[in-house]
Amino acid sequence: MVENIVNSALYNKYTGIIKKIELLKVESFTEFKLVRSTVTDRNKYDKNYLFDGVGTGCSIDFDTALYSSMGEAIERYCANIVPESLKLASEEELDAEKSTFYKLDEFIRYSNKLLEQRGFPFKKAKKTDKMYWKESFNYLTNEECFVPASLIYVNFIDHSFNFPNLSGVASGSNFDNAVQSALLEVIERDASIKWWYYDSKERLIKKEIKEGFTFLFYQLDAIIPTIATFIYDNIRKVVAVGFSAKFDIEEAMIKSKAEAIQLHYNMINLIDGNISDDDPVKSYLKSNKEDRYYIDAFRKDKMDMFDLIHNLQYYLDPRAFDLLKYRLSGIVEEPTFKDLHTDFTSLLDYFKLNNKKIIVSDVTSNDIRKMGWEVVRVLVPGFIINAPTAYLPIDFKTIVDKLPLPHS
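First residue of the sequence shown: 1, per full-length UniProt numbering; consecutive thereafter.
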């Protein structure tokens with residue numbers, strides 16, 4: 001079935017960039033289709049900072065799940081192919097050349113307290129430190145600029161100053177579609193971190209109860225409709241949350257629910273021990289606990305939660321479920337559409353009026369472009385990027401005091 005609807009140059013079990021596509025069975029939610037696409041060449045991946053070579057898609061509609069998984073696999077592929085044309089320079093040298101550039105701390109800034117923590121592997125970049133830079137441009141003005149390559153590519157030789165950036169990469173059938181998808185992801189991740197760690201506004205807009213599961217849909221404080229959907233498994237005692245930012249709030253609700261179901265699927269596999277020995281994250285997991293008291297396995301300052309898989313393992317602990325049960329008694333309200341932007345043109349106008357920048361870097365590989373796809377990285381100065389708990393560019397005390405985000 002897959003062979004009939006997918007470009008064979010892209011998907012082929014022998015020679016394709018995507019070598020394997022699987023339809024996974026979601027036991028508790030059979031109406032949802034979960035598709036996993038696996039990228040061929042694992043040798044391109046950084047051995048210290050592994051980036052998932054698998055793309056997944058989840059939807060009620062099979063085609064949507066399929067193409068979502070393939071798109072994500074393509075993103076994984078392109079965001080790990082580092083070109084040889086990067087510029088090596090310090091900020092001082094770029095200044096002297098009168099080049100337009102954006103410093104690392106305009107996108108990611110670790111607090112001094114976090115930089116001082118035992119085992120924290122990154123250092124603050126100085127103006128004299130040499131680093132690699134990638135040619136990019138301001139999407140709103142077309143002004144060319146340089147940005148640190150360590151924010152663009154995940155498979156990169158130098159991660160002295162930051163953890164690989166895990167948000168803002170997207171593929172599309174054309175360049176502008178890719179930019180739009182990447183920008184929406186940047187907005188979603190920024191809104192979700194501010195909501196969870198800094199208590200920005202939330203509004204419970206829907207509650208669903210189905211055969212041992214409760215879904216809570218929250219509208220988050222953001223410039224476009226952004227939804228966080230909790231899934232409470234009242235039998236296995238696990239909880240997770242999926243996110244989505246879309247111009248249509250109903251689409252965001254559907255997508256965030258699908259994301260939550262996908263996370264729940266992964267969590268149940270962790271509980272049941274269904275994780276392949278070939279999966280690189282397996283070595284990151286804490287030792288199996290029959291009582292699932294994984295909270296005790298992590299440091300209280302969370303500095304050993306260095307991979308997103310740790311967030312899922314943390315929430316396998318039934319005590320974490322109990323800590324979030326208070327949300328189940330929330331009162332449902334109507335969503336609000338005040339000051340929301342519900343189309344791309346309106347969103348771009350918002351950025352222009354508020355003098356904000358959208359920095360775009362084209363990371364499309366030649367083989368992917370020949371197949372009709374485009375892949376970009378989008379960066380927005382001042383927006384918080386996604387990272388494992390230990391490496392979040394937020395206040396260290398906030399990381400310590402708050403529960404980690406039940407998301408990966």
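Backbone N, C-alpha and C fix where the C-beta goes; we use that ideal spot for every residue, glycine too.
| Asked | Found |
| --- | --- |
| C-beta atoms of W195 and E202 nearer than 9 Å | yes |
| Beta-ladder partner(s) of T226, from DSSP | A245 |
| Proximity of F337 and I249 at Cβ, strictly below 9 Å | yes |
| 9 Å Cβ cutoff met for T226 and S192 | yes |
| Exposed unless 16 or more other CB atoms sit within 10 angstroms - verdict on V332 | exposed |
| Span of the beta strand (DSSP E), counted from its first residue to its last, around Y132 | 131 to 138 |
| Contact belief for E374 with F101 at Cβ below 8 Å, rounded distance in angstroms | Not confirmed; about 24 Å, so no contact. |
| Same chain, Cβ closer than 7 Å to C78, neighbours up to 5 away in sequence not counted | V363, T364, S365, I368, V375 |
| Stretch-stretch touch, CB-based, cutoff 8 Å, three pairs: the region 116 to 128 with the region 60 to 77 | no |
| Burial state of N288, where buried means 16 or more other Cβ atoms lie within 10 Å | exposed |
| is_contact[G330, chain C] using C-beta, thresh 9 Å | Protein chain content of the structure displayed is limited to a single chain, and chain C is not contained in it. |
| Whole runs of the beta strand (DSSP E) within the region 39 to 118, excluding any shorter than 3 residues | 54 to 59, 87 to 89 |
| Test item: CB-CB of V26 and I261 under 9 Å | yes |
| Segment contact, 8 Å Cβ cut-off, at least three pairs: the region 208 to 222 with the region 398 to 407 | no |
| For L139, the nearest candidate out of Y14, T30, L392, N355 (CA to CA) | Residue identity check: residue 139 is Tyr in the sequence provided, not Leu. Among Y14, T30, L392, N355, the Cα nearest to that of Y139 is on N355. |
| Neighbourhood of L114 by C-beta, 7 Å cutoff - its chain only, sequence neighbours within 5 removed | F120, F396 |
| Close-in-space but distant-in-sequence residues of the same chain around Y293 (CB under 6 Å, 5 per side omitted) | D317 |
| As assigned by DSSP and simplified to three states, the class of I193 | helix |
| Same chain, Cβ closer than 6 Å to E144, neighbours up to 5 away in sequence not counted | F137 |
| Span of the alpha helix (DSSP H) around S173 | Here S173 belongs to no alpha helix (DSSP H), and DSSP marks it neither H nor E. |
| Same chain only: Cβ atoms within 7 Å of Y197, ignoring 5 sequence neighbours per side | I394, T398, K402 |
| L88 burial status per 10 Å Cβ neighbour count (16 or more: buried) | exposed |
| Nearest neighbour of Y132, chosen from E91, S111, K98 [CA to CA] | E91 |
| Close beta carbons around A258, own chain, < 6 Å, minus the five adjacent residues each side | C58, S59 |
| Where the alpha helix (DSSP H) through I394 begins and ends | No alpha helix (DSSP H) holds I394; DSSP gives it neither H nor E. |
| Counterpart residues of F217 in DSSP-defined beta bridges | K206, T229 |
| Residue range of the unbroken alpha helix (DSSP H) whose run includes K20 | Counting along the chain, K20 falls outside any alpha helix (DSSP H), though it belongs to the beta strand (DSSP E) covering 18 to 24. |
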